[in-house]
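Below: one structure, written as structure tokens.
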Amino acid sequence: MNTLHETQRRFTNYALRNLGQALATEGIKGNGLDVAQRLAIYRNNTQLGLTEALRDGYPVVNKLVGTEFFNHLALSFIRHYPPKAGCLLSFGGQFADFIADFQPAEGLPYLPDTARLEWFWHEAFHEADVIALDITRLAKVDPNCYGNLGFTLHPSARLLASDYPVLRIWQANQEGFEGEGRINFDEGGCQLLIYRPVLEVEIIPLSKAEHLFLTLLDMELTVTQAVGQAITIDSTFEVLPVLQHWIANGLLTDFYIKN
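Position 92 of the sequence shown, counted from 1, bears residue number 92 in UniProt numbering, the numbering being contiguous throughout.
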């Protein structure tokens, strides 16, 4: 006799992965419909619902590849990475990495980073709000501690570096876009900050040095350590205006003295 856990495991394998229909039907009553038909209806609705959840989260990817290809991509993803919880806000986080290894998409090398940008936007939109940093607190820091000063980035902040112009791709595929729709891949890649300082998610292009600097701050390096690496990319990098700008614009929300 099957345990409840075993029945649920078989049911899940069939509903999400199309595996083991015969095993999944054991112990289930037809109740007016053939058991296989009942399970097929549930499976189809489950897979359709999850596919649409992915499409809602990745509208640009869907637009780039078309509905039919996206459906195939989504179903393959669902079989490998089924949702872990009833709330679908976190479902789809591995989609970009999955696309990178998805053989039918290998001719679209910009697609994984486009998906990453969409997911970072999604995460930033749903992140918690925080209180902005009171800059007067910095005035009270002992100057002897400046070398050990670090900053905390807004919890919605995501940093993306791509070899492809994914911001242009993203912009050109937004509803109502009226600019130049042709993308020149020779224009190179981009470095982006995605965050939600107040109500709207913002996507900000960064220089390579500034992107590295903010990335290192997010990795809990001190300002001194981060500047030391940023100037290896751009010897003219000036930290003071960068710090002032991002404090004023709500990206740097707290600071600490690293021992």
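Here a beta-carbon is modelled for each residue, glycine too, at the ideal position from N, C-alpha and C.
For phenylalanine 98 and tyrosine 81, the gap between their C-alpha atoms comes out near 9 Å. Where aspartate 254 is concerned, the enclosing beta strand (DSSP E) starts and stops at 252-257. For arginine 158, the enclosing beta strand (DSSP E) covers residues 158-162.
Phenylalanine 77 has its alpha-carbon roughly 15 Å from the corresponding atom of tryptophan 119. At least 8 Å separates the beta-carbon of leucine 193 from that of alanine 139. In the structure shown, tyrosine 146 adopts helical secondary structure according to DSSP, grouped into three states. Under the 10 Å beta carbon count, valine 65 is surrounded by 16 or more other beta carbons and is classified as buried. Judged by DSSP in its simplified three-state form, glutamine 191 adopts strand.
Here leucine 240 is exposed: its Cβ has fewer than 16 other Cβ atoms, across all protein chains shown, within 10 Å. Just measuring C-alpha positions, the residue of Phe237, Ala40, Val60 sitting nearest phenylalanine 177 is Val60.
CA-CA distance, leucine 206 to glutamine 37, rounds to 54 Å. Take leucine 54, set aside five residues on each side of it, and the residues of its chain with a beta-carbon closer than 6 Å to its own are Ala74, Gly92, in chain order.
Secondary structure note for glutamate 200: it is in no beta strand (DSSP E), with a DSSP letter that is neither H nor E. Contact check for alanine 209 and isoleucine 247: beta-carbon distance about 18 Å, past the 8 Å limit, so the pair fails to qualify.
Between phenylalanine 102 and alanine 115, the C-beta gap is not smaller than 8 Å, which leaves the two residues out of contact. In this structure proline 165 is not in contact with glycine 147, their Cβ atoms being roughly 38 Å apart against a cut-off of 8 Å.
Remark: C-beta atoms of valine 201 and alanine 128 do not approach each other more closely than 8 Å.
CA-CA distance, lysine 84 to valine 130, rounds to 27 Å. Listed in chain order, the beta strand (DSSP E) runs fully inside the segment 35-96 amount to none, counting runs of at least 3 residues. Straight-line measurement puts the Cα of isoleucine 203 at about 25 Å from the Cα of threonine 222.
Per DSSP, the unbroken alpha helix (DSSP H) holding arginine 116 starts and ends at 111-126. For leucine 221, there is no enclosing alpha helix (DSSP H), as DSSP marks it with neither H nor E. Judged by DSSP in its simplified three-state form, phenylalanine 237 adopts coil rather than helix or strand. Counting C-beta atoms within 10 angstroms of its own C-beta, phenylalanine 185 has fewer than 16 neighbours from the protein chains shown and is therefore classed as exposed. In the same chain as asparagine 71, and ignoring 5 residues on each side of it, the C-beta atoms closer than 8 Å to its own belong to Thr51, in chain order. For valine 166, the enclosing alpha helix (DSSP H) stretches over residues 166-172. Taking C-beta separations shorter than 8 Å and ignoring five residues to either side along the sequence, serine 235 has no partners in its chain.
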